[in-house]
Amino acid sequence: MIELRSTLAGRVTLTVLSTLILLFLVLPIVVIVITSFGKDAFGSFPPTSWTLNWYKALVADGSKWPAALSLSILVACLTTVFSLVLGMTAATALVRSRLPLRTAVYGLVLAPLVIPQVVIALGLFLLFEPASMLGSPFAIALGHTVLASPIAVMI
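Residue numbers (this note's numbering): 1 to 155.
This is how it looks when you write it as structure tokens:
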């Protein structure tokens, strides 16, 4: 296989393709951000007039967005800590140990990636509902940890 980076034409091609892929990924976000400053309720691009009213409503008194944002940050931080501790521990054990069924254990650790998320959600519901933990930040973080830990193990 010829590497693209070894020749000048390959480096130029790689740079052009990388730039096009980056633009393809970033341009929708740019359009959404620009549209968010428009005065229209349903959005139009480019905006006919500019306003900050949508952002004022976001942080206005009585708005539920600040509480939702703080809950999301809390859940994200808890999930990060839980999945990193679990993932690093599992990855270290899988790499350094001489378990006879190491491949099977690795498959079991990665199982949440191939099991449908609806099945995982139902299992978590049946686990958390009797404990009256539904909707608690800790339960939400544990649910996210189930899905994030296999990725931490792979990395």
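C-beta atoms are modelled at their ideal positions from N, C-alpha and C, and glycine is treated no differently. Owing to the predicted nature of the structure, the values given are computational and were not obtained by experimental measurement.
Identity of the residues DSSP links to residue i by a beta bridge
i: tryptophan 50; result: Gly38
Span of the alpha helix (DSSP H), counted from its first residue to its last, around residue i
i: phenylalanine 138; result: 137-154
i: proline 100; result: Per DSSP, proline 100 belongs to no alpha helix (DSSP H) and is neither H nor E.
i: isoleucine 120; result: 117-128
i: leucine 110; result: No alpha helix (DSSP H) holds leucine 110; DSSP gives it neither H nor E.
Nearest-angstrom beta carbon gap, residue j and residue i [assumed within contact, 8 Å]
i: lysine 39; j: proline 47; result: 7 Å
i: phenylalanine 42; j: valine 31; result: 14 Å between Cβ atoms; not a contact.
i: arginine 102; j: leucine 94; result: 6 Å
Neighbourhood of residue i by C-beta distance below 6 Å, restricted to the same chain and skipping five residues each side
i: valine 16; result: none
i: alanine 91; result: Val153
i: glycine 143; result: Leu124
i: serine 149; result: Ser83, Leu86 and Gly87
Contacting residues, own chain, Cβ-Cβ under 7 Å from residue i (five flanking each side not counted)
i: tryptophan 54; result: Ser36
i: methionine 133; result: Ala139
i: leucine 74; result: Pro137
i: alanine 141; result: Val75, Leu78, Thr79 and Phe82
Neighbourhood of residue i by C-beta, 8 Å cutoff - its chain only, sequence neighbours within 5 removed
i: threonine 51; result: Phe37, Gly38 and Lys39
i: phenylalanine 125; result: Leu134
i: threonine 117; result: Here the sequence assigns glutamine to residue 117, which means threonine is not the residue at that position. The residues are Leu147.
Closer than 8 Å to chain D by CB, residue i
i: threonine 145; result: Checking the listed chains, one finds no chain D in this structure; it contains a single protein chain.
message: Ignoring anything shorter than 4 residues, give me the alpha helix (DSSP H) runs that lie fully in the region 48-94, in order along the chain.
response: 53-59
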